[in-house]
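Visitor: Below is a structure I'd like to ask you about.
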Amino acid sequence: MLSALAAGGGFTAWYMIEAGSRLSTRSSGPWVTWTAAGRPDADPYTRAHTVRNALLPISSTLEVTYRAKADSRGGRLHAGCEYVIVMPGLEGAWWSLAAFDSEGRLIQNAAERYAFTSDTVMREPDGRAVITLARDARPGNWLPIGGSSRVNLILTVQDPVYAAAVYEGGSTRPLPPIQRVACR
Amino acid sequence: MPKLPKWLSEVGWRTVVGGALLGGIVHILFTLAVPFISKGHAYAKLRDALPANRMVVLPPPAPGREPLPFLTPDALYAMCRFDISVETLAVNVTMAHAGWTLSLHTPQGDNFYVMPAQQLRGSEIAITVVPEPDRSGEFIPTPRRIGAQGDQISSPSTEGIVMVRAPLKGLSWRAQTEAALRQASCRPVKRPQ
């Protein structure tokens, strides 16, 4: 009985370090961010998460990094599916959207394309950018995700005002949904 | 009211409370210990690839050649593993474009200093990284001061990583960005006597 409860303590710690909780993370649809990542005054769960995952985050006083493992309907992001993300203008902030496998490795592809940033993406006349994630080539901003079964997306937004709002729990602009188009 | 299983009804409240306390202690100890016992952290991954107190421009991130997991791939990186246990560290970076970032990290990943390009009046950054004043009585107890080497930054640890991130605007910009990144330097400087 005692050992079971002790093991439970270890499991809950592991869960809060790996998956996070409302104490240490903030979500917007499928996007999750560790609000105190990189900050010297970060809570113990965030610090443990950073170390365990070999991350070197830039302080959330400057930028916010979101990670998505699922689409907006809750399905795991998978290399066999096609997804569309419509990035808003984000009011001139620098941003980056990158695709990785579940271990944080880049996904091999013939186009040697692993990310789009606000500098490299092709925009619509209204400033938005439509990014398609798919195994095979697509017109426009195509981000290849073939070769890996599970996919993780990392969205980084560099904007101190926005980062402060996220950290303090204030209202922030909604992040783009990840729409699943089709699966093989 | 449903009957509890016999084994469960024999468990006393003292055992339950004691177990909950033990679980709580394990939870807290595990959480606090991870940053210090984990061997796979970012600093450990970089330590062997980076000479001490020298800036190294890393190859562009590519599959199988990622310096760290989940690192933004549309950027070039220069890193310097610092060790200021004996000498201080002078860091000089010319921030060529908006989006460039200079950041200093402890081995546990704490980012204790960050400077983005767009907040600067000029594009040149010159800082000196020194140990925290309470760990060395040789330095004045202010977190920063302006001197010949610009801002003086107190590091909470004697070891860590300096990272310069230079976003790529496209393939055609790679050579220009890399050339600008190669201007970044870090070098040990003797402590004032």
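Line by line, the protein sequences give chains P and H.
For the first sequence, this note's numbering assigns the number 452 to the initial residue and increments by one for each residue that follows.
For the second sequence, this note's numbering assigns the number 10 to the initial residue and increments by one for each residue that follows.
Glycine included, every Cβ here is placed at the ideal spot set by N, Cα and C.
Can you give me the C-alpha to C-alpha distance between Arg153 of chain H and Val65 of chain H, rounded to a whole angstrom?
Guide: Residue confidence for Arg153 of chain H is low, a pLDDT of 45 falling below 50, so the modelled location carries little weight and cannot support an answer.
Visitor: So Leu584 of chain P packs on Val123 of chain H, CB below 8 Å; how close in whole Å?
Guide: Not quite, the Cβ-Cβ distance comes to about 30 Å (not below 8 Å), so this is no contact.
Visitor: Which residues bound the beta strand (DSSP E) around Glu168 of chain H?
Guide: Note, Glu168 of chain H: beta strand (DSSP E), 168-176.
Visitor: Please list the residues of the segment 514-544 of chain P that have a C-beta atom closer than 7 Å to any C-beta atom in chain H, keeping them in chain order.
Guide: Under the 7 Å Cβ criterion, the segment 514-544 of chain P contributes no residue.
Visitor: By a C-beta neighbour count over all protein chains shown, 10 Å radius and 16 as the cutoff for buried, is Leu203 of chain H buried or exposed?
Guide: Chain H is shown from 10 up to 202; residue 203 of chain H falls before or after that span and cannot be answered.
Visitor: Name the one or two DSSP bridge partners that Phe91 of chain H has.
Guide: For Phe91 of chain H, which the question treats as bridged, DSSP gives the partners H:Gly169.
Visitor: Less than 7 Å between the C-beta atoms of Val632 of chain P and Val515 of chain P, yes or no?
Guide: In this structure, Val515 of chain P does not lie closer than 7 Å to Val632 of chain P by Cβ.
Visitor: Residues in the same chain with beta-carbon distance under 8 Å from Glu636 of chain P, minus the five sequence neighbours each way, listed in chain order, please.
Guide: Beyond the ends of chain P as shown, which are 452 and 635, falls residue 636 of chain P; an answer cannot be given.
Visitor: Quick one: is Lys15 of chain H near chain P, going by C-beta distance under 7 Å?
Guide: Not an interface residue.
Visitor: How about Pro491 of chain P: is its C-beta nearer than 7 Å to some C-beta of chain H?
Guide: It does; some Cβ of chain H falls within 7 Å.
Visitor: Can you tell me whether Asn38 of chain H is buried or exposed, with buried defined as 16 or more other CB within 10 angstroms of its CB?
Guide: Residue identity check: residue 38 of chain H is Leu in the sequence provided, not Asn. Answer is exposed; the Cβ neighbour count stays below 16.
Visitor: Using a beta-carbon distance cut-off of less than 7 Å, what residues from the segment 41-73 of chain H approach chain P?
Guide: Under the 7 Å Cβ criterion, the segment 41-73 of chain H contributes Leu41, Val43, Pro44, Ser47, Gly49, His50, Ala51, Lys54, Pro70, Ala71, Pro72.
Visitor: Do the segment 529-536 of chain P and the segment 68-86 of chain H touch if we need at least three Cβ pairs shorter than 8 Å?
Guide: Contact fails: fewer than three Cβ-Cβ distances are below 8 Å.
Visitor: What residues from chain H crowd round Pro495 of chain P, counting only those whose CB sits closer than 7 Å?
Guide: Neighbours of Pro495 of chain P on chain H, chain order: Thr40, Leu41.
Visitor: Just checking: is the beta-carbon of Lys12 of chain H within a distance shorter than 7 Å of some beta-carbon in chain P?
Guide: No, Lys12 of chain H lies away from the interface with chain P (no Cβ there is under 7 Å from its Cβ).
Visitor: Given Ala616 of chain P, which residues of its chain have a CB within under 8 Å of its CB, disregarding the five upstream and five downstream residues?
Guide: Taken in chain order, the residues that qualify are Ser622, Thr623.
Visitor: Please state whether DSSP places Pro150 of chain H in a helix, a strand or coil.
Guide: Note on Pro150 of chain H: pLDDT 40, under 50, position unreliable in the model; the coordinate value appears next. Three-state result, Pro150 of chain H: coil.
Visitor: Check the Cβ of Pro176 of chain H against every Cβ in chain P and list those closer than 8 Å, keeping chain order.
Guide: Chain P residues near Pro176 of chain H: Trp545, Ser547, Thr568, Asp570.
Visitor: By the 9 Å beta-carbon criterion, what residues does the segment 584-596 of chain P contribute toward chain H?
Guide: Going along the segment 584-596 of chain P in chain order, one finds no residue with a Cβ nearer than 9 Å to chain H.
Visitor: Among P:Ser478, P:Pro491, P:Ala505, P:Arg490, which has the Cα closest to the Cα of Ile46 of chain H?
Guide: The candidate whose alpha carbon is nearest that of Ile46 of chain H is P:Ala505.
Visitor: Using three-state DSSP, classify Thr516 of chain P as helix, strand or coil.
Guide: DSSP places Thr516 of chain P in strand when its eight states are reduced to three.
Visitor: Examine chain H for any beta-carbon lying closer than 7 Å to the beta-carbon of Val612 of chain P, and answer yes or no.
Guide: Chain H, which has no Cβ nearer than 7 Å to the Cβ of Val612 of chain P, makes this no.
Visitor: Evaluate Trp16 of chain H with the Cβ neighbour count: other Cβ atoms within 10 Å of its Cβ, from every protein chain shown; 16 or more gives buried, anything less gives exposed.
Guide: Exposed, by the Cβ-count rule.
Visitor: Could one say the Cβ of Gly179 of chain H lies closer than 7 Å to chain P's Cβ atoms, at least one of them?
Guide: Yes - at least one Cβ of chain P is within 7 Å of the one on Gly179 of chain H.
Visitor: Does Gln630 of chain P pass the burial test, meaning 16 or more other C-beta atoms within 10 Å, or should it be called exposed?
Guide: Burial call: exposed.
Visitor: Could you check if Pro44 of chain H is buried or exposed, using at least 16 other CB atoms within 10 Å of its CB as the buried criterion?
Guide: Buried, because 16 or more other Cβ atoms sit within 10 Å of the Cβ of Pro44 of chain H.
Visitor: So with CB distances below 9 Å, who are the chain P contacts of Val123 of chain H?
Guide: Those within 9 Å of Val123 of chain H in chain P are Gly489, Ile509, Ser510, Thr512, Leu513, Glu514.
Visitor: Give me the chain H residues within the contact set of Leu557 of chain P, using Cβ-Cβ distance strictly less than 7 Å, ordered along the chain.
Guide: Residues of chain H passing the Cβ test: Pro70, Ala71, Pro72, Glu75, Pro82.
Visitor: Under a Cβ-count criterion, where at least 16 other Cβ atoms within 10 Å of its own Cβ denotes burial, should Met88 of chain H be classed as buried or exposed?
Guide: Per the 10 Å Cβ criterion, buried.
Visitor: Using a cut-off of 9 Å between C-beta atoms, extract the partners of Ala499 of chain P located in chain H.
Guide: The answer, in chain order, is Phe39, Thr40, Leu41, Ala42, Val43, Pro44, Ser47.
Visitor: Pull up the distance between the alpha-carbon of Trp182 of chain H and that of Ser454 of chain P, whole angstroms please.
Guide: So the two alpha carbons sit approximately 59 Å from each other.
Visitor: Pull up the DSSP beta-bridge partners for Ala61 of chain H, would you.
Guide: Bridge partners of Ala61 of chain H: H:Arg90.
Visitor: State the DSSP-derived secondary structure class of Trp546 of chain P, mapped to helix, strand or coil.
Guide: The answer is strand: DSSP assigns Trp546 of chain P an E or B state.
Visitor: Pick helix, strand or coil for Ala51 of chain H, following the three-state DSSP scheme.
Guide: Looking at Ala51 of chain H - three-state DSSP - the assignment turns out to be helix.
Visitor: DSSP has Pro125 of chain H in a bridge; who is on the other side?
Guide: Looking at the DSSP assignment, Pro125 of chain H forms a beta bridge with H:Thr110.
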